[in-house]
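Accompanying notes for the structure given below.
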Ligand SMILES: Nc1nc2c(ncn2[C@@H]2O[C@H](COP(=O)(O)OP(=O)(O)O)[C@@H](O)[C@H]2O)c(=O)[nH]1
Ligand SMILES: [Mg+2]
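Residue numbers (our numbering): 725 to 1140.
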């Protein structure tokens, strides 16, 4: 059965991985129990914000997700996150918790590299001032490449001999070595395609193998650069430097600590704040806006009020939000995740008996280019599917690809 997508947080010690994880998982909106059975301490459920299908049919008031939440058509869908700690330069040689870290990484579909853009921690995570965080981006990727390369080179002689002896094709031989990283033949084929490589595998030299591993790393582990600690005054010049060196499509600016702080104050009823929003409302703001009881919020003391004002000036007004919700959204974009809504009834979008008027109770995230059959296996397991219907009752073939707005509302009819 296709696995649920898993997003790994990587970065040197003290870059803010745990804070980012907390900021993404500690949702204030009402959320249901998550659909996962065992979660170890490093794993957590974050909430990916997507456009819900309920908005398309003007049914936002009846949208009642089984898991996560939906507010005015903005739906929070649970997604699994993994805090991959202990990565330092030299990790591929077992430095720090290097090997353990790299083993955890195998299961990730995409990575969020949390970069301390304030320059107040060195490569090992120790406190300093004026460190250049742009180098972290290079060495971290380099550690992953050297780890995979090392494992491959160790056996290259015998891999090559076997490849020639059984007259294998390059995709099969390489996939045999890379399946442990969660690779598939499609990923390997795409790498070879990208490299436009015509030479037979047995003639590859070290440079070719290294080039292949670089391509493979980028394919298998698409990475968002979360430039964290933008609330720090030294952040600006480091952001400017990194923005010139890296693909802007992969960069998100964030302040994880600000998001944690705002969510905590919202929980304690000092402010009204929606996760990832640009605005924060205090009691007096709501009274001014006509809510007589100030939204039931508590009065803040002078100290707290000043902190909130600073946070607004340094983060919210300058950058538009704390950025953490966008970090997860960008990771989902890189993976091309598609939200699919399985329903019982393709006319009412209900789920049958329970809560008859509630719509779109379920939502699953699948990778881009998934077919209706892939979704069926994920949702229904091995149950025999007689036929599949889309919104309005049209029949949908199992080999159809699902995408946003296309075959993304499905009803699976069981039977022979
Ligand atoms: N100024 C600032 N500090 C942060 C931010 N995020 C995390 N930190 C601080 O950085 C330190 C390390 O954070 P932590 O999440 O434990 O890092 P980890 O080792 O990567 O998990 C802690 O003191 C955090 O409070 C941020 O957005 N801004
Ligand atoms: Mg940590």
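We put the CB at the ideal spot given by N, CA and C, even for glycine. The model shown is predicted, which means the values in this text are computed figures rather than measured ones.
- Inter-residue distance for residue 842 and residue 1092 is about 35 Å (C-alpha atoms, whole angstroms).
- In the DSSP annotation of this structure, the continuous segment of the alpha helix (DSSP H) that includes residue 982 starts and ends at 980-991.
- Bounds of any beta strand (DSSP E) do not take in residue 901; it lies within the alpha helix (DSSP H) bounded by 894-902.
- Secondary structure note for residue 1050: its alpha helix (DSSP H) is the uninterrupted segment 1048-1059.
- Of all alpha-carbon atoms in 1009, 1102 and 1045, the one lying nearest the alpha-carbon of residue 953 is that of 1045.
- Not one heavy atom of ligand 2 falls within 7 Å of the beta-carbon of residue 950.
- Counting other Cβ atoms within 10 Å of its Cβ, residue 907 reaches 16 or more and is therefore classed as buried.
- Scanning the region 1058-1107 for uninterrupted alpha helix (DSSP H) segments of 4 residues or longer gives 1096-1104, listed from N- to C-terminal end.
- Looking only at 736, 772, 1134 and 737, the smallest Cα-Cα distance to residue 1104 is reached by 1134.
- Looking at the DSSP output, residue 801 sits in a beta bridge with 772.
- Under the three-state reduction of DSSP, residue 733 is assigned to strand.
- Residue 980 and residue 950 have their alpha carbons spaced roughly 10 Å apart.
- Judged by beta-carbon spacing, residue 857 lies beyond the 8 Å limit of residue 838, meaning their Cβ atoms are not closer than that value.
- Shown here, residue 939 sits in a helix according to DSSP, grouped into three states.
- Taking non-hydrogen atoms of ligand 1 into account, the C-beta of residue 1044 is found less than 7 Å away from none of them.
- Here the distance from the Cβ of residue 808 to the nearest heavy atom of ligand 1 is not below 7 Å.
- Counted as a single uninterrupted DSSP element, the stretch harbouring residue 947 is not any alpha helix (DSSP H) but the beta strand (DSSP E) occupying residues 947-952.
- The closest heavy atom of ligand 2 lies less than 7 Å from the beta carbon of residue 742.
- Bounds of the alpha helix (DSSP H) holding residue 878 are 858-878.
- A buried status is given to residue 804, since no fewer than 16 other beta-carbon atoms sit within 10 Å of its beta-carbon.
- A direct Cα-Cα distance of roughly 5 Å separates residue 738 from residue 849.
- Of the candidates 836, 1126, 818 and 872, 872 places its Cα closest to the Cα of residue 902.
- For residue 967, the enclosing alpha helix (DSSP H) starts and ends at 959-969.
- Per DSSP, residue 1010 lies in no beta strand (DSSP E) segment; the continuous alpha helix (DSSP H) that holds it begins and ends at 1007-1012.
- Between ligand 1 and the CB of residue 953, the shortest heavy atom gap is smaller than 7 Å.
- By the CB criterion at 8 Å, residue 1053 and residue 772 fall inside the cutoff.
- Ranked by Cα distance from residue 1026, the options 922, 1130, 1006 and 1042 are led by 1006.
- In this structure, the straight-line span from the alpha carbon of residue 1120 to that of residue 1126 is close to 10 Å.
- In this structure, residue 924 has its CB at a distance of at least 7 Å from all heavy atoms of ligand 1.
- Nearest to residue 1065 by alpha-carbon distance, out of 898, 733, 779 and 891, is 779.
- Note that the C-beta distance between residue 806 and residue 828 is below 8 Å.
- Nearest Cα to residue 1008 within the set 792, 995, 940 and 1057: 995.
- Contact check between the region 725-736 and the region 1093-1113: three or more CB pairs, one atom from each, fall below 8 Å, which counts as touching.
- Counting only the Cα atoms, residue 928 lies some 16 Å from residue 891.
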